[in-house]
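Report on one structure; see the data block that follows.
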Amino acid sequence: MSSQPRLDFHRSVFDNGLTLIVAENRRLPLVGIQVFVLAGVDQNPPGQSGLASLTARLLDEGTQKYDHDQISRIVENAGTSLSLFSQREVSGISVQLRSEELNTILELLQQMLRHPTFPEDRFVLEREVVRNHVRALADDPQTVASQLLNRLVYAGTPLEKTVLGIPEELAGLTVEDVRRFHARKFAPGSVWISVAGDVDRNQIREEIGRRFADWEAPQFSREVVSCFRRQDRPLRLTKHMDKEQVHLLIGHLGVERRCSDYLALQVLDVILGSGPGFTSRIPRRLRDEQGLAYTTYSDIASSSGIYPGRFQAYISTSAANRERALEGLLGEIREVVDKGVEEEELETAKRFLTGSFVFEIQSNYLVSRFMFATELFQLGSNYLERYPELIASISREEVNRVARAHLDTVNYSTVVVGPVSEGKEFGRDATGKDPGR
Amino acid sequence: MPIVTTMIWYRVGSRYETPGITGISHFLEHMMFKGTERYGKGEIDYLTTINGGSNNAFTSRDYTAYYFSFASDRWETALEIESDRMCGNVFDPEEFELERNVILEELWMELDSPWGALRQAVESRAFEVHPYRHPVIGQRADVEKLTLNRMVDFYRLYYSPANAILCVCGDFDGDRALRLVEQKFGNIPNHEIPRLTISSEPERREQVRLQLQRPTNLERLMIAFPAPPVVDPDHFAVEMLDKILSDGKLARLYRRLVEETRVASLVATEFDETVDPYVFLVRAELQPGSAASDAEAVLFEELLHLAESGPSEEEVLRARNQCLTQLIGDFETTIDQSVQLGLMETVAQFEYWNDYPARIASVTPSDVRDVVRKYFRPERATVGILEPDPAAEPTNAADTDSALDGEE
Chain C
172 MSSQPRLDFH RSVFDNGLTL IVAENRRLPL VGIQVFVLAG VDQNPPGQSG
222 LASLTARLLD EGTQKYDHDQ ISRIVENAGT SLSLFSQREV SGISVQLRSE
272 ELNTILELLQ QMLRHPTFPE DRFVLEREVV RNHVRALADD PQTVASQLLN
322 RLVYAGTPLE KTVLGIPEEL AGLTVEDVRR FHARKFAPGS VWISVAGDVD
372 RNQIREEIGR RFADWEAPQF SREVVSCFRR QDRPLRLTKH MDKEQVHLLI
422 GHLGVERRCS DYLALQVLDV ILGSGPGFTS RIPRRLRDEQ GLAYTTYSDI
472 ASSSGIYPGR FQAYISTSAA NRERALEGLL GEIREVVDKG VEEEELETAK
522 RFLTGSFVFE IQSNYLVSRF MFATELFQLG SNYLERYPEL IASISREEVN
572 RVARAHLDTV NYSTVVVGPV SEGKEFGRDA TGKDPGR
Chain E
4 MPIVTTMIWY RVGSRYETPG ITGISHFLEH MMFKGTERYG KGEIDYLTTI
54 NGGSNNAFTS RDYTAYYFSF ASDRWETALE IESDRMCGNV FDPEEFELER
104 NVILEELWME LDSPWGALRQ AVESRAFEVH PYRHPVIGQR ADVEKLTLNR
154 MVDFYRLYYS PANAILCVCG DFDGDRALRL VEQKFGNIPN HEIPRLTISS
204 EPERREQVRL QLQRPTNLER LMIAFPAPPV VDPDHFAVEM LDKILSDGKL
254 ARLYRRLVEE TRVASLVATE FDETVDPYVF LVRAELQPGS AASDAEAVLF
304 EELLHLAESG PSEEEVLRAR NQCLTQLIGD FETTIDQSVQ LGLMETVAQF
354 EYWNDYPARI ASVTPSDVRD VVRKYFRPER ATVGILEPDP AAEPTNAADT
404 DSALDGEE
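Order-wise, the sequence lines are chains C and E.
Going by our numbering, the first sequence opens with residue 172, and the numbers climb by one from there.
Going by our numbering, the second sequence opens with residue 4, and the numbers climb by one from there.
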């Protein structure tokens with residue numbers, strides 16, 4: 172069948188533990204490089220939220236060999252685009268470059284990863300920039316709702332706090348904290364370099380080896396967060412913001428990527444809340460059939476990673492529709508848990524997932540992310556080829572079982588952000604009825 | 004990659020709207036997923052799903068576009084659907100009312116966003132007569148009172164082969180595709196689209212200023228300058244200026260506003276390809292302790308430098324490389340290709356891209372200096388400031404005043 176996608180990629184693990192993954196694609200004279208370091212929000216020490224992110228953001232602000240101005244010239248003069256990212260469990264560098272720039276950029280990456288200097292003045296500047304981004308994000312009710320849900324779902328772990336950091340902790344970070352974080356968390360065994368595009372895999376392995384094979388990180392230590400706990404009672408958090416729309420987010424702790432139910436949960440997501448257009452139950456019924464919202468969805472699989480992701484169901488609607496929207500979301504979750512899915516929905520969802528898998532690898536950027544996930548979670552180098560049969564084998568009973576096992580209609584968190592009164596009033600107002608049943 | 008994207012573009016958007024029916028193009032875009040004579044409600048999405056595809060649509064000032072991406076062994080479904088809904092879309096009154104609610108929610112979402120509210124305010128004042136002053140999503144009052152009959156007339160007027168550009172990109176057989184397109188679209192009755200008389204905007208002689216207050220944590224600044232349309236030879240120099248001002252940490256506005264004066268934490272510019280002269284937008288998020296007027300002063304000072312001395316050779320060379328590398332990336336996926344080719348054919352001609360590298364390479368420092376002198380004069384600007392409402396309390400997601408209630 173002509174649509175069966177294939178992806179040939181090659182992995183090399185150097186003696187010091189650094190992993191290189193390469194997929195050649197010579198169609199355009201472009202290369203996408205993603206460097207992943209297992210040092211995300213999860214590695215932030217207590218009271219130092221924002222540290223992982225700030226460390227990543229400062230990697231291009233000075234190294235032993237280049238100052239920040241030289242780095243900008245190397246990147247921007249050639250039209251290269253370079254960005255730094257930090258997430259729940261990884262931080263890193265994303266680059267898109269013309270193939271002729273490859274060696275220059277590999278040299279720069281070596282400097283950024285191994286020899287950043289974190290100049291004090293650039294640290295102060297960047298910290299102030301980030302503090303203001305945090306203020307700006309707090310103007311966005313959807314972001315606020317998502318942050319509040321994390322506070323409930325990941326309570327007691329570093330993941331309960333935001334990626335950029337909470338203001339008072341961010342204000343207390345010093346450049347020494349950043350230098351220490353880098354020394355402890357940036358180590359070859361925690362680094363994946365994923366390359367897709369116009370490269371020769373043997374040549375790049377040699378170039379990477381020359382620059383990284385002798386990297387040692389004697390101070391390395393990695394914390395494994397393990398105290399995740401599904402909540403054992405319903406929780407609610409309300410936040411007043413003076414807006415027209417109210418943002419409702421329901422959720423609880425989800426699953427790890429290596430959970431054996433992951434694929435069945437992907438199928439469930441397509442049926443319940445994240446299929447294309449308005450085919451899933453939640454967008455179809457709440458948006459298309461009731462006109463309650465512009466944005467409404469649910470998912471559980473997409474946020475899973477090294478650590479459990481979260482189940483979330485979201486809707487934003489005018490304040491007057493708040494009760495209806497909340498009941499609507501809950502009703503859909505209860506229905507899928509109590510009554511399960513229809514055979515026809517199941518087949519449609521399976522056909523969607525197998526048919527659309529090819530879109531996961533349509534750009535260098537996506538390929539490099541796909542390869543990283545495949546390696547990190549040890550899905551096997553033929554995962555792409557095996558995926559259709561893995562999905563095809565999922566039965567209705569299995570989807571119904573994972574819905575019951577992983578969606579909780581009693582002990583979940585509810586976050587309400589928008590024109591609401593805070594606290595008890597909401598408790599009486601919206602959920603005077605038992606929220607769980 | 005065994006993927007095909009089919010994207011159809013109609014030359015209709017807010018540019019074609021008059022007071023009273025603003026937002027009709029966008030509303031119509033939503034109604035185009037509600038079913039046709041051949042496909043019942045939900046069937047377009049259903050077909051997309053069982054075929055493992057994706058679909059979406061977008062409306063802007065000069066166009067409305069719809070697309071499907073499918074694996075290449077089933078992409079032809081997209082032609083079936085597009086040809087059918089070009090002339091056979093069904094407008095059910097109940098569906099129309101439900102969708103009106105969805106659009107009003109979308110409108111609230113836009114106005115709840117500080118940038119969304121400021122953008123609407125600035126754009127509405129940047130033009131006196133040109134329809135670009137209307138928000139694409141429409142004025143609330145117009146959306147609330149739009150009638151189904153008016154929409155059906157609008158659809159019949161603008162959805163016709165003569166007003167459509169079909170763009171197919173990816174892994175398919177060209178000859179077969181052309182035969183299929185002829186087969187599917189060849190019999191659709193065609194009619195000429197009446198030429199609109201669109202008043203051209205008089206040249207601005209005095210700066211327009213506006214101020215909004217919202218319950219926000221920081222001040223935001225947005226300045227609109229008049230900008231050339233895509234067919235204007237000045238377009239390329241302005242595109243280079245866009246890079247020189249805001250692309251990267253060496254860019255002038257980042258340097259001055261974020262690094263040196265530290266009045267802003269974010270500065271960005273926006274410049275689009277449009278049929279008629281539109282705007283070049285500069286926006287910034289202000290640091291506490293700095294006012295929008297501080298950022299504004301720095302911006303105009305920097306523009307004055309550029310108007311006097313132009314950019315350096317190095318800046319122009321850098322902007323050129325940024326434009327040319329971005330060009331390659333902009334054609335990476337089949338959706339990217341369909342967007343770039345379809346957009347350009349809709350607002351000008353797709354051959355624009357053939358000439359693009361040479362045109363960009365020919366821009367000199369004095370060309371950039373000249374466009375700054377011509378378009379970026381203070382008296383031609385529309386300056387919008389959104390400041391925190393002094394009566395409102397600041398919002399902080401991580402603060403402790405949120406009410407946690409888990410006692411039940």
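Even for Gly, the Cβ is constructed at its ideal location relative to N, Cα and C.
Keep in mind the model is a prediction, meaning the values are calculated, not measured.
Candidates the options, of which the one nearest residue i by Cα
{"i": "Leu224 of chain E", "options": "E:Glu46, E:Ala384 and E:Ala395", "result": "E:Ala384"}
{"i": "Gln235 of chain C", "options": "C:Arg244, C:Thr226 and C:Thr288", "result": "C:Thr288"}
{"i": "Ile363 of chain E", "options": "E:Val241, E:Glu311, E:Ser315 and E:Ala298", "result": "E:Val241"}
{"i": "Val346 of chain C", "options": "C:Leu229, C:Leu497, C:Gly327 and C:Cys398", "result": "C:Leu229"}
{"i": "Gly446 of chain C", "options": "C:Gln374, C:Lys332 and C:Leu517", "result": "C:Leu517"}
{"i": "Phe528 of chain C", "options": "C:Phe185, C:Val438 and C:Ser431", "result": "C:Val438"}
{"i": "Ala129 of chain E", "options": "E:Ile226, E:Ala287 and E:Asp339", "result": "E:Ile226"}
{"i": "Glu102 of chain E", "options": "E:Asp370, E:Met112 and E:Met35", "result": "E:Met35"}
{"i": "Ala361 of chain E", "options": "E:Pro236, E:Leu260 and E:Asp48", "result": "E:Pro236"}
{"i": "Arg217 of chain E", "options": "E:Trp12, E:Val15, E:Ile6 and E:Asp392", "result": "E:Asp392"}
{"i": "Phe379 of chain E", "options": "E:Asn59, E:Arg18 and E:Glu304", "result": "E:Glu304"}
{"i": "Tyr359 of chain E", "options": "E:Gln142, E:Met243 and E:Leu253", "result": "E:Met243"}
{"i": "Ser86 of chain E", "options": "E:Asp115, E:Tyr42 and E:Ile106", "result": "E:Tyr42"}
Alpha-carbon spacing of residue i relative to residue j, whole angstroms
{"i": "Ala601 of chain C", "j": "Thr488 of chain C", "result": "Low local confidence applies: a pLDDT of 32 at Ala601 of chain C is under 50, so the model's placement there is unreliable, with the coordinate-based value given in what follows. Roughly 15 Å separates the two Cα atoms."}
{"i": "Glu271 of chain C", "j": "Thr545 of chain C", "result": "28 Å"}
{"i": "Gln416 of chain C", "j": "Ala394 of chain E", "result": "20 Å"}
{"i": "Leu3 of chain E", "j": "Leu151 of chain E", "result": "Outside the displayed range of chain E (4 to 411) lies residue 3 of chain E, so it cannot be described from this structure."}
{"i": "Val374 of chain E", "j": "Ala309 of chain C", "result": "38 Å"}
{"i": "Asp279 of chain E", "j": "Ser202 of chain E", "result": "10 Å"}
{"i": "Asn187 of chain C", "j": "Gly360 of chain C", "result": "6 Å"}
{"i": "Val366 of chain E", "j": "Ser365 of chain C", "result": "36 Å"}
{"i": "Gly409 of chain E", "j": "Leu320 of chain C", "result": "The predicted position of Gly409 of chain E is uncertain, since its pLDDT is 40 and thus under 50; a value taken from the coordinates is nonetheless stated next. Straight-line Cα distance between these residues: approximately 13 Å."}
{"i": "Leu330 of chain C", "j": "Thr272 of chain E", "result": "34 Å"}
{"i": "Leu389 of chain E", "j": "Ala295 of chain E", "result": "9 Å"}
{"i": "Gly203 of chain C", "j": "Val370 of chain C", "result": "10 Å"}
{"i": "Ile192 of chain C", "j": "Asp231 of chain C", "result": "23 Å"}
{"i": "Glu195 of chain E", "j": "Ser127 of chain E", "result": "31 Å"}
{"i": "Tyr325 of chain C", "j": "Tyr536 of chain C", "result": "29 Å"}
{"i": "Cys170 of chain E", "j": "Ser451 of chain C", "result": "28 Å"}
{"i": "Ile562 of chain C", "j": "Ser552 of chain C", "result": "17 Å"}
{"i": "Val342 of chain E", "j": "Arg136 of chain E", "result": "24 Å"}
Expected contact under 8 Å - CB spacing of residue i and residue j to nearest Å
{"i": "Ala177 of chain E", "j": "Ser75 of chain E", "result": "Checking the displayed sequence, the identity of residue 177 of chain E turns out to be Gly instead of Ala. Gly177 of chain E to Ser75 of chain E, Cβ: 13 Å. No contact."}
{"i": "Gly480 of chain C", "j": "Ile471 of chain C", "result": "7 Å"}
{"i": "Lys414 of chain C", "j": "Pro312 of chain C", "result": "6 Å"}
{"i": "Glu556 of chain C", "j": "Phe541 of chain C", "result": "The Cβ separation is near 13 Å, so there is no contact."}
{"i": "Thr8 of chain E", "j": "Ser72 of chain E", "result": "5 Å"}
{"i": "Thr39 of chain E", "j": "Arg88 of chain E", "result": "5 Å"}
{"i": "Asp48 of chain E", "j": "Gly444 of chain C", "result": "Not confirmed; about 14 Å, so no contact."}
Check your understanding: Touch check for the stretch 261-274 of chain E and the stretch 200-212 of chain E: three-plus C-beta pairs under 8 Å?
Key -> In this structure the stretch 261-274 of chain E does not lie against the stretch 200-212 of chain E, because fewer than three pairs of beta carbons, one per stretch, are closer than 8 Å.
Check your understanding: Taking only runs of the beta strand (DSSP E) that begin and end inside the stretch 18-91 of chain E, which ones reach a length of at least 3 residues, in chain order?
Key -> Qualifying beta strand (DSSP E) stretches, in chain order: 57-62 and 67-74.
Check your understanding: Pairing CB atoms from the stretch 572-587 of chain C with CB atoms from the stretch 426-441 of chain C, are three or more of them under 8 Å?
Key -> Taking 8 Å as the limit for Cβ pairs, the verdict is that the stretch 426-441 of chain C does touch the stretch 572-587 of chain C.
Point to revise | beta strand (DSSP E) runs wholly inside the stretch 259-295 of chain C, at least 3 long, in chain order | key: If only complete runs of 3 or more residues are kept, the stretch 259-295 of chain C shows the beta strand (DSSP E) at 262-269, in order along the chain.
Practice item. Would you mind listing the alpha helix (DSSP H) stretches within the stretch 298-347 of chain E that are 4+ residues and don't spill past its ends, in chain order? Key: Runs found: 316-332.
Review point. Residue ranges of each beta strand (DSSP E) run of no fewer than 3 residues wholly in the stretch 226-279 of chain E, ordered along the chain?
Key: Within the stretch 226-279 of chain E, complete beta strand (DSSP E) segments of at least 3 residues are found at 267-274, given in chain order.
Point to revise | Cβ pair count under 8 Å reaching 3, the stretch 510-523 of chain C against the stretch 53-60 of chain E | key: Cβ pair count under 8 Å is three or more, so yes.
Check your understanding: Hey, is the stretch 459-474 of chain C in contact with the stretch 395-411 of chain C, meaning 3+ C-beta pairs nearer than 8 Å?
Key -> No: the two stretches stay apart, fewer than three of their Cβ pairs being nearer than 8 Å.
Practice item. Evaluate contact between the stretch 583-590 of chain C and the stretch 25-43 of chain E, counting only Cβ atoms and requiring at least three cross-stretch pairs below 8 Å. Key: Taking 8 Å as the limit for Cβ pairs, the verdict is that the stretch 25-43 of chain E does not touch the stretch 583-590 of chain C.
**Study point:** Uninterrupted alpha helix (DSSP H) stretches inside the stretch 350-374 of chain E (no shorter than 4 residues)
**Key:** Correct list: 355-364.
Review point. When the Cβ atoms of the stretch 301-308 of chain C are set against those of the stretch 379-388 of chain C, are three or more pairs found closer than 8 Å?
Key: In short, these stretches do not touch, since the Cβ pair count stays below three.
Point to revise | Touch test, the stretch 349-356 of chain E against the stretch 61-74 of chain E, Cβ-Cβ under 8 Å, three pairs minimum | key: With the cut-off at 8 Å, the stretch 349-356 of chain E and the stretch 61-74 of chain E touch.
Check your understanding: Which residue spans inside the stretch 466-547 of chain C form an unbroken beta strand (DSSP E) run of at least 3?
Key -> Listed in chain order, the complete beta strand (DSSP E) runs (minimum 3 residues) inside the stretch 466-547 of chain C are 467-470 and 481-489.
Review point. Is the stretch 310-325 of chain E in contact with the stretch 244-261 of chain C, if contact means three or more CB pairs nearer than 8 Å?
Key: Enough Cβ pairs lie closer than 8 Å, so yes.
Practice item. Could you tell me whether the stretch 300-316 of chain E touches the stretch 158-169 of chain E, where touching means 3 or more Cβ pairs closer than 8 Å? Key: Too few Cβ pairs lie closer than 8 Å, so no.
Practice item. Give a yes or no on contact between the stretch 256-273 of chain C and the stretch 200-214 of chain C, applying the rule of three or more CB pairs nearer than 8 Å. Key: Yes, since at least three Cβ pairs between the stretch 256-273 of chain C and the stretch 200-214 of chain C fall closer than 8 Å, the two stretches touch.
**Study point:** Whole runs of the beta strand (DSSP E) within the stretch 360-403 of chain C, excluding any shorter than 3 residues
**Key:** Fully enclosed beta strand (DSSP E) runs of 3 or longer: 362-368.
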